[in-house]
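>
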Amino acid sequence: MKKKIFQSIAITSIIFVTIAYLLCAFFFYNDISKNIRLTLKTETNALAKYYNEDPSVFLETKFYSDSRITLINADGNVLYDSQYDSNSLINHSNRPEFVDAVNFGSAERTRYSDTLNETTYYYALRLNDGSVLRLSTIANSALTIMIPSIVPIMFILIIVFIVCLIVARFLTRKIIDPINHLNLDIPLANDTYPELKPLLENLNYHNKIRKEFSANVSHELKTPLTSISGYAEIMANNLQGDNTQEFSQKIVDESKHLLRTIEDIIKLSKLDEGTVQLDYDQINYQEVLHQVLRSLSDYANLNGITLVDNSVPVTGRAVSQIVYEIFYNLIQNAIKYNTRNGHVWIDMKERGKFVEITIKDDGIGINDIDKERIFERFFRSDKSHSSQIEGTGLGLAIVKHGVEFHHGTIVVDDYLNHGSKFTIKLKR
Ligand code: ADP
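Those letters in the sequence shown? Residues 4 to 431, by my numbering.
1) To which residues of the same chain is residue 418 closer than 8 Å at the C-beta, ignoring the five residues directly before and after it?
2) Can you give the Cα-Cα distance for residue 238 and residue 378, rounded to whole angstroms?
3) From which residue to which residue does the beta strand (DSSP E) around residue 314 run?
4) For residue 185, I'd like the list of residues in its chain whose CB is within less than 6 Å of its CB, leaving aside the five on either flank, ordered along the chain.
5) Pull up the distance between the alpha-carbon of residue 211 and that of residue 220, whole angstroms please.
6) Check whether the Cβ atoms of residue 75 and residue 129 sit closer than 8 Å, and answer yes or no.
7) Are there 16 or more other CB atoms within 10 angstroms of the CB of residue 180, so buried, or fewer, so exposed?
8) Would residue 135 and residue 12 be called neighbours here (beta carbons separated by less than 8 Å)?
9) Along the beta strand (DSSP E) that carries residue 360, what are the first and last residues, could you check?
10) Is DSSP giving residue 233 helix, strand or coil here?
11) Could you name the residues that DSSP lists as bridge partners for residue 135?
12) Taking 7 Å as the cut-off, is the beta-carbon of residue 296 closer than that to any non-hydrogen atom of ligand 1?
13) For residue 243, does the three-state DSSP call read helix, strand or coil?
14) Just mark residue 326 as buried or exposed, buried being the case when its beta carbon has 16 or more other beta carbons within 10 Å.
15) How would you call residue 380, buried or exposed, if buried means at least 16 neighbouring beta carbons within 10 angstroms?
16) Compare the C-alpha of residue 263 against each of 242, 286, 224 and name the closest.
17) For the stretch 283 to 298 against the stretch 228 to 246, are there 3 or more C-beta pairs whose distance is under 8 Å?
18) Pull up the CB-CB distance for residue 227 and residue 271, whole angstroms please, since I reckon it's below 8 Å.
19) Is the CB-CB distance between residue 15 and residue 126 below 8 Å?
20) How is residue 249 classed by DSSP in three states: helix, strand or coil?
21) Alpha carbon to alpha carbon, how far is residue 259 from residue 195?
22) May I have a chain-ordered list of the beta strand (DSSP E) segments no shorter than 3 residues that lie completely inside the stretch 134 to 183?
23) The alpha helix (DSSP H) with residue 10 in it runs from where to where?
24) Kindly indicate which residue of 81, 113, 29 has the alpha-carbon position closest to the one of residue 43.
25) Quick check on DSSP: helix, strand or coil for residue 391?
26) Can you give the beta carbon distance from residue 392 to residue 339, rounded, assuming they're within the 8 Å contact cut?
27) Report buried or exposed for residue 331, applying the criterion of at least 16 other Cβ atoms within 10 angstroms of its Cβ.
28) Beta carbon of residue 349, beta carbon of residue 301: below 8 Å?
29) Look at the alpha carbon of residue 355 and the alpha carbon of residue 321, and state the distance between them as a whole number of angstroms.
30) Hey, residue 267 and residue 372: beta-carbon distance below 8 Å or not?
31) Of all the options 361, 209, 306, which has the alpha carbon lying nearest to the alpha carbon of residue 342?
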């Protein structure tokens with residue numbers, strides 16, 4: 004975290020220092036060049052006035068100026084140059100500032116020389132007799148002006164770097180300290196950053212679920228065990244009378260229920276932990292569905308339920324063991340919470356990156372209040388409790404986990420006014 008805070012502060016500061024430096028250099032250089040051009044213009048105008056009064060006096064005058072003064076006649080021949088011998092200079096008739104001055108009265112030009120790394124400013128003015136007076140001056144390029152200030156800038160950057168290190172260390176400690184002192188047992192009791200509120204609420208929710216789950220697990224295991232030990236105790240004391248057969252059957256039923264609950268808890272915690280190696284394979288969802296239908300066909304026949312398979316083959320990458328568990332629980336529920344001579348319809352089709360499976364039944368249905376809760380662990384609707392339908396209340400929790408594991412969704416709706424319809428989408 005310290006590294007991250009340091010990096011953020013350091014990068015931002017360095018970017019800002021560099022931008023500020025470049026902006027200053029740009030404005031500074033702009034100002035210099037504006038001043039040069041203005042001086043050049045003023046000087047040219049003054050000299051032009053002097054020339055127009057008497058050209059011969061002008062030609063005899065010796066000028067002490069930093070600017071180069073060039074007098075060019077209307078044909079472009081150089082009559083006078085303050086820095087070069089005018090005879091050695093070639094005809095200037097094609098120089099842009101000369102051409103413009105002849106045509107428009109005055110002209111301004113700036114030429115940059117890559118090789119010399121300098122910029123030459125020109126100002127040319129047409130004189131009364133048609134000749135042109137041109138003044139020019141040389142200035143260093145922006146880069147040359149900036150070079151001397153590189154060392155102080157580097158120095159500033161090093162200071163910024165050190166300050167960032169100190170600030171980062173201080174900030175990290177200030178930010179991290181309250182986090183290290185959070186009371187994770189009572190997350191909502193912490194008075195800390197508002198930004199941590201969603202995290203703490205999430206933690207609180209999970210703590211609640213964990214506590215409820217432990218309480219439920221104990222309850223769900225204790226109930227059948229109490230009956231088993233009760234019946235066993237009666238039989239151990241030989242108090243069962245003629246009920247040996249009935250009591251032994253009760254012990255068998257309760258132990259089976261206990262075993263199923265334990266198996267479901269193990270499946271859920273495996274999915275919860277995510278530590279178990281679950282391998283993705285290329286699977287055919289329809290084949291998995293057919294396996295499930297085969298193993299549930301006797302159960303369906305026994306309850307007089309017709310299974311209608313409308314699936315088509317769909318392939319994708321998935322953990323076949325989990326897909327099997329999803330299909331098994333949903334179809335088993337559709338049979339279990341049905342009425343005699345009822346139906347279960349199964350559709351399966353490809354939907355882009357997803358496979359969509361719908362399991363519909365014309366059974367007892369789920370009321371709207373229960374629909375909100377059926378995916379909770381150990382939730383069983385009153386209907387299923389009162390009608391003594393065997394179950395652990397963990398099947399749909401396993402389904403939901405399995406669907407989330409495959410980055411999918413599950414939706415429950417009513418079907419035919421009295422049945423239920425579960426639609427799941429699994430990412431292929
Ligand atoms: P179990 O079936 O072991 O009780 P589940 O988690 O599979 O647990 O289901 C939770 C509850 O949802 C069931 O007790 C039942 O009330 C309801 N339920 C699930 N599937 C159906 C269905 N197809 N029709 C009606 N009720 C259902």
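Just so you know, even glycine gets a beta-carbon here, dropped at the ideal spot from N, CA and C. Quick caveat: nothing in here was measured; it's all calculated off a predicted structure.
Straight from the coordinates:
1) Apart from the 5 residues on each side of it in sequence, residue 418 sits with its Cβ closer than 8 Å to the Cβ of 363, 364, 365, 368, 424 in its chain, given in chain order.
2) Just so you know, the alpha carbons of residue 238 and residue 378 end up roughly 39 Å apart.
3) Unbroken beta strand (DSSP E) run through residue 314: 309 to 314.
4) If we look at residue 185 and ignore the five residues flanking it on each side, its Cβ neighbours are 193.
5) Between residue 211 and residue 220, the C-alpha separation is close to 14 Å.
6) Going by C-beta atoms, residue 75 is not nearer than 8 Å to residue 129.
7) Label assigned to residue 180: exposed.
8) No, these two residues do not count as a Cβ contact at 8 Å.
9) From DSSP, the beta strand (DSSP E) with residue 360 extends over 357 to 364.
10) Residue state, collapsed to three classes: helix.
11) Bridge partners of residue 135: 75, 129.
12) The answer is no for residue 296.
13) Residue 243 falls in the coil class under three-state DSSP.
14) Residue 326 is buried by the Cβ-count criterion.
15) Buried.
16) It is 224 whose Cα lies nearest to the Cα of residue 263.
17) Segments in contact, no.
18) Between residue 227 and residue 271 the beta-carbon gap is near 18 Å, outside 8 Å, which marks them as no contact.
19) In this structure, residue 126 does not lie closer than 8 Å to residue 15 by Cβ.
20) Reduced to three states, the DSSP call for residue 249 is helix.
21) In a straight line, the C-alpha of residue 259 is about 49 Å away from that of residue 195.
22) Positions of the beta strand (DSSP E) runs, each at least 3 residues long and wholly inside the stretch 134 to 183, are given as 135 to 143 in order along the chain.
23) Its alpha helix (DSSP H) spans residues 5 to 56.
24) It is 113 whose Cα lies nearest to the Cα of residue 43.
25) Residue 391 falls in the coil class under three-state DSSP.
26) Rounded, the Cβ-Cβ distance is 6 Å, consistent with contact.
27) Under this definition residue 331 is a buried residue.
28) For residue 349 and residue 301, no; Cβs fall outside 8 Å.
29) For residue 355 and residue 321, the distance between alpha carbons rounds to 15 Å.
30) 8 Å or more divides the Cβ of residue 267 from the Cβ of residue 372.
31) With respect to the C-alpha of residue 342, the residue from 361, 209, 306 having the closest C-alpha is 306.
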